[in-house]
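Notes to accompany the following structure.
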Amino acid sequence: MSKKLIIVESPAKAKTIKNFLGRDYDVVASKGHIRDLPKTSFGIKIEDDKFIPQYRVTKDHQSIAKELKEKAKKAETVYIATDEDREGEAIGYHIANVIGKKPEELPRIVFHEITKTAIKNALNNPRKLDLNRVNAQQARRLLDRIVGYKLSPLLNKKIQKGLSAGRVQSAALKLVVDREREIREFKPQEYWSIEGIFKKKEGSLIKYNGKKLEKFDIKTKDEAESIVNELKPLEYTVSKIEKKKTKIKSPAPFMTSTLQQVASSELGFSPRKTMQIAQKLYEGVKTPVGETGIITYMRTDSLNIAKEAQEAAVKFIKENIGENYAEPKTYKTKSSAAQEAHEAIRPVDVRLTPEDLKNYLSKDELKLYTLIYNRFLASQMKDAQYETQNIYLTNEKGEFKISGKKLVFDGFYKVYGKPSADELLPEFSEGEKLKPEDIKATQHFTKPPERYTEASLIKKLESLGIGRPSTYAPTITLLQNRNYVEVKEKKLHPTEIAFNVIETLERYFPNIVDANFTANMEEMLDKIAVGKKEWQEMLKEFYGPFMQLIDKGYKEIPSQKIAKPIDETCPQCGAPLVIRKGRFGEFIACSSYPKCKYTRPIEEKEEKKVDVKCDKCGADMVVKRGKNGEFLACSNYPECKNTKPLNEPEVLEDVKCPECGGDIVKRKSRRGEFYGCSNYPECNFISKYRPTNEKCPECGYIMAKRTYRGKEVLECIKCKTRKEI
């Protein structure tokens with residue numbers, strides 16, 4: 001008996017769907033892209049201004065292709081059930097070609113969630129593959145192949161080996177490099193503020209001599225002290241008391257970019273990790289009701305919510321949180337190009353709470369599900385309300401403003417996040433006269449812009465229209481893998497080679513690193529997806545001018561490769577040896593490369609001795625270089641393999657370990673800097689952020705200083721309670 005065949009990408013997805021359907025259905029996975037451009041050649045044939053992709057079944061998919069062909073021949077009907085974005089549409093198109101079917105004739109089913117109801121509904125309402133969306137993805141793939149395969153070899157030839165360039169990658173890298181340039185060129189500007197204390201509450205001087213004070217009006221210590229001395233002895237009158245209600249709006253549900261940003265700041269997840277976990281939650285996990293998907297599709301730039309899901313959320317909020325908390329809301333995506341999917345990221349069934357799943361999900365899966373679940377509930381809850389109060393204290397010389405606030409309705413805060421603490425004010429009455437308990441001047445300096453984090457770079461890319469939901473995480477991962485950026489304390493630091501690459505691209509290929517150009521290309525792809533532009537025409541418009549710049553680059557870009565000769569010959573061919581620069585620093589190589597490929601590390605002949613003895617054998621230590629930088633190693637290697645950091649770790653002088661009283665030191669690992677006890681391994685105290693002596697108001701443990709949602713806060717190392725600095 002022939003079965004109906006459903007083809008998906010992921011084995012996990014296949015397994016979940018198979019559990020929902022009877023014996024009449026067979027569900028198999030293509031395991032991603034079954035067909036692609038070849039890895040070892042350009043893979044695009046250009047004839048009569050037409051770009052013909054030379055697709056191949058990849059080596060690791062040949063057995064899968066054979067299996068799909070055999071099953072498709074026997075099947076009564078073949079359904080394409082790949083993901084609902086453009087990439088999924090293109091994968092479905094390639095599957096159809098591989099199994100010998102006409103793509104436009106195969107039934108295509110789509111669903112935003114992998115549940116029994118959604119799958120049954122999709123099977124009852126199939127559509128056809130959208131060839132416009134296929135062509136949009138095909139155009140993106142060919143466009144990126146043209147840039148990568150034509151520009152990367154030029155960079156390798158003119159700068160150094162191992163470099164790459166890409167349409168989205170290079171525009172993203174320029175943002176990181178530009179931010180570093182701003183930081184390097186930044187010159188701090190001094191300014192002063194004046195604060196007055198009345199009834200033990202501090203207020204800011206907002207007017208002086210009848211003029212409203214701006215940020216940089218008080219520039220020096222002398223000016224500030226003169227104002228303080230003038231204002232301190234005077235009496236002030238409460239001239240106005242201002243009260244008003246303010247609202248904090250409930251947050252929109254997650255889309256891909258905001259999920260990656262919040263998971264980074266709240267959970268410390270990298271964008272790549274977030275998407276890997278979200279994929280599992282979407283494709284299916286064990287739950288109290290069986291194996292099923294528990295979130296909707298996670299690559300989306302839409303904020304739409306299905307009516308049924310909204311109604312279910314409102315009902316759940318009324319029954320479990322309070323009748324007064326529910327408020328159905330709709331949200332609009334800011335991006336005009338948001339059409340990759342139909343819904344925001346939300347839980348499939350709001351009745352399936354994080355508490356219900358705590359014994360079924362891994363620790364990280366539960367964290368991400370809880371984040372998505374609470375955010376969705378919060379999006380359908382009323383705004384939080386504060387009562388704010390401003391007190392103005394005035395005389396003929398100056399005016400101070402004291403502000404306070406009180407939470408009067410917690411709204412969405414009931415399930416999502418903690419409201420900021422109340423700042424209650426003592427009683428003041430209009431006309432009341434009083435003298436300040438103190439007036440003081442505070443010095444400030446402007447700060448350089450913050451380096452991008454992975455989350456803030458994604459936010460910037462999204463705001464500029466660079467890339468799409470599926471590209472954010474891979475782009476950032478690629479920048480790190482290519483050694484263009486390093487992550488230190490969660491901040492993206494461009495390497496020197498990144499500056500070299502961007503400077504070359506800015507001069508000779510300005511469009512490739514121009515954010516507007518890259519965003520316009522995305523808009524063109526969006527037009528192709530809805531049938532408003534022909535994909536071959538777009539490639540033709542790009543290819544001619546781009547190849548002219550490539551040819552010009554080979555002729556005009558000066559070589560930046562450094563080959564310093566040394567007084568030594570190659571032991572293999574006798575040619576002179578030179579020092580070259582590579583991806584991990586300088587090394588010694590044969591000058592006749594590529595005919596002779598002899599290389600060796602510089603350390604082999606040039607070891608720098610230091611006045612440090614090996615604490616294991618007593619021999620001199622020498623400086624060596626590894627992939628993580630310089631370190632000390634015993635000169636008796638390989639007999640003695642002792643190593644130690646080149647520089648002793650920084651000791652925090654003002655804080656002691658809360659566990660054993662030992663010193664706290666700043667250390668480095670592959671994941672960045674962290675703080676730990678000097679008595680490790682006897683003491684396992686560790687903190688991602690700089691510890692302080694401040695005690696947590698909830699549990700009494702010490703708190704650490706960190707940046708949270710753009711603000712400096714103190715966070716308890718143990719219970720994660722936060723308070724503003």
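Mapping of the sequence shown onto full-length UniProt numbering: residues 1 to 725, in sequence order.
Cβ coordinates follow ideal geometry from the N, Cα and C atoms, glycine included.
Contact check, residue i vs residue j, beta carbons under 8 Å
i, j, result
"A65", "V78", "no"
"L479", "L173", "yes"
"V228", "I194", "yes"
"K414", "Y386", "no"
"I80", "R108", "yes"
"Y484", "I497", "yes"
"E430", "K200", "no"
"K247", "A384", "yes"
"residue 743", "V28", "With the chain covering only 1 through 725, there is no way to say anything about residue 743."
"P253", "R346", "yes"
"L368", "P354", "no"
"V348", "T115", "yes"
Cα-Cα separation between residue i and residue j, rounded to whole angstroms
i, j, result
"E454", "S264", "8 Å"
"A589", "S10", "45 Å"
"E283", "D83", "10 Å"
"F428", "K249", "30 Å"
"A75", "E87", "25 Å"
"L646", "L352", "52 Å"
"C719", "S687", "12 Å"
"L5", "C683", "57 Å"
"K711", "H493", "20 Å"
"Q62", "K102", "20 Å"
"D130", "K532", "14 Å"
"S591", "E180", "35 Å"
"D144", "G166", "6 Å"
"F445", "Q189", "5 Å"
"residue 764", "S204", "This structure gives no information on residue 764, because the portion of the chain shown stretches from 1 to 725."
"Y452", "K490", "9 Å"
"V8", "T117", "17 Å"
"I476", "S456", "11 Å"
"E556", "K595", "26 Å"
"E113", "E70", "29 Å"
"P691", "I702", "7 Å"
"V98", "S635", "59 Å"
"I391", "K433", "13 Å"
"A337", "E185", "Per-residue confidence for A337 stands at a pLDDT of 49, beneath the threshold of 50, marking its modelled position as unreliable; no derived number is given."
"T16", "T287", "12 Å"
"V610", "M524", "59 Å"
"F685", "N156", "45 Å"
"D615", "E639", "14 Å"
Supposed close pair residue i, residue j - CB separation, criterion 8 Å
i, j, result
"I206", "E399", "6 Å"
"M255", "A309", "In fact, because the Cβ distance is near 15 Å, the residues do not count as touching under 8 Å."
"T394", "Y236", "6 Å"
"L151", "I512", "7 Å"
"T518", "V168", "6 Å"
"I44", "L123", "Incorrect: roughly 37 Å between the Cβ atoms, too far for contact."
"N19", "E291", "6 Å"
"K460", "L234", "Actually they are not in contact, since the Cβ atoms of K460 and L234 sit about 48 Å apart, beyond 8 Å."
"A139", "I528", "6 Å"
DSSP three-state assignment for residue i, whether helix, strand or coil
i, result
"L154", "helix"
"Q189", "coil"
"A515", "helix"
"I241", "strand"
"K200", "coil"
"R583", "Confidence is the limiting factor: at R583 the pLDDT is only 49, short of 50, which leaves the residue's position unreliable, though a coordinate-based value still follows. In the structure shown, R583 sits in coil (DSSP, three-state: anything other than H, G, I, E or B)."
"Y675", "strand"
"T394", "strand"
"M255", "coil"
"I502", "helix"
"Y680", "coil"
"N125", "coil"
"V487", "strand"
Contact with chain B by residue i, beta-carbon distance below 8 Å
i, result
"D615", "Among the chains of the structure shown, chain B does not appear; only one protein chain is present."
Secondary structure, beta strand (DSSP E): runs of 3+ residues fully inside the stretch 396-484: 398-409 and 438-445
Quick check for students: name the residue ranges of the beta strand (DSSP E) that lie wholly in the stretch 277-359, counting only runs of 3 or more. 285-287 and 290-292
Whole runs of the beta strand (DSSP E) within the stretch 587-668, excluding any shorter than 3 residues: 599-601, 608-613, 620-626, 629-634, 643-645 and 650-656
Report the start-end ranges of each alpha helix (DSSP H) in the UniProt domain "Toprim" (3-114) that is 4 residues or longer and not cut off at the edges. 11-20, 62-74 and 86-98
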